[in-house]
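In mature numbering (1 follows the signal peptide of the UniProt record, and there is no 0), the protein residues as written are -18 to -1, 1 to 552. Beta carbons are placed, not taken as given, at the ideal position from N, Cα and C, and that holds for glycine. Have a look at the structure below, then the notes.
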Amino acid sequence: MSFARLLGTLSLVLVVSAGNLVQFEQRKSAPAGFTSKGPAGDDHPLSLRFGLASNNIAGLHEKLASISKPGSPDFRKWLSADEVKAFVAPSEETLKAFNSFASANGLKTTETSPFGEWVTVSMPVAKANKLFGAKYTNFTHADIPDPIMRTLSMSLPSELVNHIDVVHPSTAFALPDPGPRKPIRLGGLPKRAATAPENCDVSDRNPDNVITPACLQALYNIPATPATQENNALLVTGYQNQWAQIDDLQAFMKELRPDYSAGVNQTFLRLAIDHGTNPQLPGKSGIEAQLDIEYVAGIATGVPLQFLTVGGDDFLISLLHTAEFLASTPFPPTVMTTSYGREEPSFGNSLANKICDGYAAASARGVSLLFSSGDGGVNGNHDDPWDCELFVSVFPASCPYVTAVGSTISFNPEIAVNFTGGGFSEYFPLPSYQTAAVDAFLKTVPDGLPNFNRAGRGYPDLSLQGWNYLVTFNGQRIPVSGTSASAPTVAAMISLVNDKLIAAGKPVLGFLNPFVYANPSIFNDILIGHNSGWECPASTAGFDAAEGWDPLSGVGTPDFERLLAAALAT
Ligand SMILES: *[C@@H]1O[C@H](CO)[C@@H](O)[C@H](O)[C@H]1NC(C)=O
Ligand SMILES: *[C@@H]1O[C@H](CO)[C@@H](O)[C@H](O)[C@H]1NC(C)=O
Ligand SMILES: *[C@@H]1O[C@H](CO)[C@@H](O)[C@H](O)[C@H]1NC(C)=O
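Pasting the structure below:
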């Protein structure tokens, strides 16, 4: 056989493969609970978001590891939006590949993200099916009002392979967060609340104690003195029409922070993206929103607060847009807290990774990102149908570029509560900052547990009280429980530390995890607890709290004085 003929054969193969479809993502069936209603309809418009490959995402990860690592020369030299963009933006080559594909197929970009790594293109369903070897189908679910269009299989034209990280919507089926986190009531308000909620005896081991700002201040040595720095902000996110009402907030402050006179006029800056709204209307409080805003206000005395309402009915896109907003805005808050999440499989690997990179970008700006770790113990976050024998991780808590917060209960001793979300990511590998802590824990795990990824990122990172928080909700006082309560309180503590750092002319804490794992002495180690979930019998499989880090309480609960001392020392 001659050389020339061989070359000829090869080039023929190349010609055939250009424009070929290459399998990109697929799933066997829709997740449980979704029902197919047949083809979506050829002419129906479909808005597809393409997550383009960033030109140097590994560079961003490396830079973030360096600027967040105590002792490194560029420690806490947080990046500007332009510096982040230099890593995140797609390469010329990727843009060229995408744009020539789009123009060859008559597709027009309707939206581009601030750093250019996401582009939205609208086309009829039939065209999407043809271009991407897809079969967009309508699926319904009891928890969502309208059918959603998804495909079980998605291919990419060969010229786009390696230029596209993710396409959405395609194979990811995320439900909205189940929150408003159902308030966990213990037969109504415990008696103490009605009598003297401000008298909190933290030496008492009664788990039914009501938590108030005063209890948290006493338990974690949090100062009540107002912050002084204007150049500092703590942002609370609100999704799914969870509205925060100023009236309820002010009533809460008046009652539970009587020592802080300005609390009667407590307010927050209202921000919105994606046409989110937050009307101030009597009776329209969201329980999650109220819990979050009341505990950041009640703990972060005097810190400027922001409430970001994110509109839209696709939770995945809401999370993505929040990360983009934080990473690209000229003056980001120094801390963000989010008490929403879903099981990892409902995001899918590619989308979870791309959103997590959005958090890496926001973290690199110097924003501390706090997320609740979920309220389903080892079994995800109220997933339906519930399987007590299946370990499922919750995202975004499982993203290594955020700080995940679990829950404790009782004072003396403080223990990890059974619903606290925790485990090991299936999508994200173990980050170096927690390798030693996680390896030590894994040695304590007994045989015979359901499958989990021993090489995955472990979460939560830390924890705090999460049981029976007193909340003012539509004029009523109600007790609310969940990791939803723990995350805002940690966020508030971090923002008070930032106030002191700014006053001392130092950079803010920013991405917390490397600092957290390098300073275990800041935390009260939690030694007791089993997170088999609230709904599953205590005898079912879960993890057990252990000395040092564990996937229930993380490294433990923070002591403000020790936290501040460590922050000022570095
Ligand atoms: C599919 O779902 C979309 C969005 O909910 C809806 O507008 C459309 O009419 C549905 N198509 C069919 C064929 O029912
Ligand atoms: C609260 O605001 C009202 C109206 O602006 C003002 O009269 C009052 O002095 C303020 N109270 C405190 C304690 O700042
Ligand atoms: C979870 O903990 C709470 C509080 O201690 C307790 O009331 C509840 O019964 C526990 N649930 C299970 C299934 O053990």
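Item to check | Where E529 falls, given that 16 or more other Cβ within 10 Å makes a residue buried | outcome: Residue 529 sits at position 547 when you count from the first residue of the sequence shown. Label assigned to E529: exposed.
Checklist entry - In the DSSP assignment, what are the bridge partners of G405? => result Translated into the one-based positions of the sequence shown, residue 405 becomes position 423. Per DSSP, Y441.
Next on the checklist: I'd like to know whether the C-beta of P411 is nearer than 9 Å to at least one C-beta of chain B.
Outcome noted: No chain B is present in this structure, which holds just one protein chain.
Checklist entry - Considering only residues of the same chain and omitting the five flanking positions on each side of G359, which have a CB-CB separation below 8 Å? => result Here residue 359 refers to the residue found at position 377 when the sequence shown is read from its first residue. Excluding sequence neighbours, G359 sits near N400, F401, T402, G403, G404, N513, S514, G515, W516, C518, G524.
Next on the checklist: Are the CB atoms of Q248 and A200 within a distance shorter than 9 Å?
Outcome noted: Counting from 1 along the sequence shown, the entry for residue 200 is found at position 218. Counting from 1 along the sequence shown, the entry for residue 248 is found at position 266. Cβ atoms of A200 and Q248: not closer than 9 Å.
Next on the checklist: Measuring only from the beta carbon, is A520 closer than 8 Å to any heavy atom that is part of ligand 3?
Outcome noted: Numbered from 1 along the sequence shown, position 538 holds the residue referred to as residue 520. Indeed, a heavy atom of ligand 3 lies less than 8 Å from the Cβ.
Next on the checklist: Can you tell me where the beta strand (DSSP E) holding R58 begins and where it ends?
Outcome noted: Numbered from 1 along the sequence shown, position 76 holds the residue referred to as residue 58. Per DSSP, R58 belongs to no beta strand (DSSP E) and is neither H nor E.
Item to check | 3 or more residues per run - each beta strand (DSSP E) lying fully within the segment 435 to 511 | outcome: 438 to 441, 444 to 447, 451 to 455, 458 to 462
Item to check | Separation of N331 from G323, as counted between CA atoms | outcome: Position 341 of the sequence shown holds residue 323. Position 349 of the sequence shown holds residue 331. So the two alpha carbons sit approximately 15 Å from each other.
Item to check | Supposed contact pair L301 and I255 - C-beta distance, whole angstroms, cut 8 Å | outcome: Your numbering for residue 255 matches position 273 in the sequence shown. Your numbering for residue 301 matches position 319 in the sequence shown. That belief does not hold up - the Cβ atoms of I255 and L301 are roughly 11 Å apart, past 8 Å.
Next on the checklist: Relative to the C-alpha of V4, which candidate in H43, S85, N144, L412 has its C-alpha closest?
Outcome noted: Along the sequence shown, one-based indexing puts residue 4 at 22. Checked all of H43, S85, N144, L412; the closest Cα to V4 is N144.
Checklist entry - How is I397 classed by DSSP in three states: helix, strand or coil? => result Within the sequence shown, the letter at position 415 stands for residue 397. Assigned with DSSP and collapsed to three states, I397 falls in strand.
Checklist entry - Quick one, are the C-beta atoms of V292 and Y221 less than 9 Å apart? => result Position 310 of the sequence shown holds residue 292. Position 239 of the sequence shown holds residue 221. Yes; because the gap between Cβ atoms is below 9 Å, this pair is in contact.
Checklist entry - Using the beta-carbon count (16 or more within 10 Å), is N260 buried or exposed? => result Taking the sequence shown and counting its residues from 1, the one referred to as residue 260 is at position 278. Label assigned to N260: buried.
Checklist entry - Under a Cβ-count criterion, where at least 16 other Cβ atoms within 10 Å of its own Cβ denotes burial, should P139 be classed as buried or exposed? => result Here the question's residue 139 lines up with position 157 in the sequence shown. Under this definition P139 is a buried residue.
Checklist entry - Under a three-way DSSP split, which group does D532 fall into? => result As a position in the sequence shown, residue 532 is number 550, starting the count at 1. Reduced to three states, the DSSP call for D532 is strand.
Next on the checklist: Between A244 and ligand 5, is there a pair consisting of the residue's CB and a ligand heavy atom that are separated by less than 8 Å?
Outcome noted: Ligands displayed in this structure: ligand 1, ligand 2 and ligand 3; ligand 5 is not among them.
Item to check | For Y499, the nearest candidate out of D421, V66, P489, L89 (CA to CA) | outcome: For this step, residue 499 is matched to residue 517 along the sequence shown. Of the candidates D421, V66, P489, L89, the one whose C-alpha sits nearest the C-alpha of Y499 is D421.
Next on the checklist: Considering Cα atoms alone, identify which of V66, Q447, S392 is closest to G41.
Outcome noted: On the sequence shown, position 59 is the one that residue 41 refers to. Of the listed residues, the one whose Cα sits closest to G41 is V66.
Checklist entry - Given 8 Å as the limit, is there contact between the segment 412 to 432 and the segment 460 to 479, that is, 3 or more CB pairs closer than that? => result Touching, no, given that fewer than three Cβ pairs across the two stretches are closer than 8 Å.
Item to check | The beta strand (DSSP E) enclosing I193, as first and last residue numbers | outcome: Taking the first residue of the sequence shown as position 1, residue 193 is located at position 211. Premise fails: I193 is in no beta strand (DSSP E) and is neither H nor E.
Checklist entry - Is residue 553 buried or exposed, if buried means 16 or more other CB atoms sit within 10 Å of its CB? => result No answer is possible for residue 553: the residues shown for the chain start at -18 and end at 552.
Checklist entry - Do the CB positions of V374 and P327 come within less than 9 Å of each other? => result Locating residue 374 in the sequence shown gives position 392, where the first residue counts as 1. Locating residue 327 in the sequence shown gives position 345, where the first residue counts as 1. Pairing V374 with P327 gives a Cβ-Cβ distance under 9 Å.
Next on the checklist: My parser needs the alpha helix (DSSP H) runs of 4 or more residues fully inside the segment 97 to 171; what are they?
Outcome noted: Entirely contained in the segment 97 to 171, the alpha helix (DSSP H) runs reaching 4 residues are, in chain order, 107 to 113.
Checklist entry - In chain order, what residues of the same chain have a beta carbon less than 7 Å from the beta carbon of E306, not counting five sequence neighbours either side? => result The residue given as residue 306 occupies position 324 in the sequence shown. Cβ within range, chain order: S95, P96, G340.
Next on the checklist: Can you determine whether any heavy atom of ligand 1 sits closer than 8 Å to the C-beta of D56, and answer yes or no?
Outcome noted: Residue numbering aside, residue 56 sits at position 74 when the sequence shown is read from its first letter. Every heavy atom of ligand 1 is 8 Å or more from the Cβ of D56, so no.
Checklist entry - For the alpha helix (DSSP H) that V278 lies in, which residues bound it at each end? => result As a working note, residue 278 is residue 296 in the sequence shown. Residues 269 to 281.
Checklist entry - Got a sec, what are the start and stop residues for the alpha helix (DSSP H) L77 sits in? => result Walking along the sequence shown from the start, residue 77 turns up at place 95. Residues 74 to 86.
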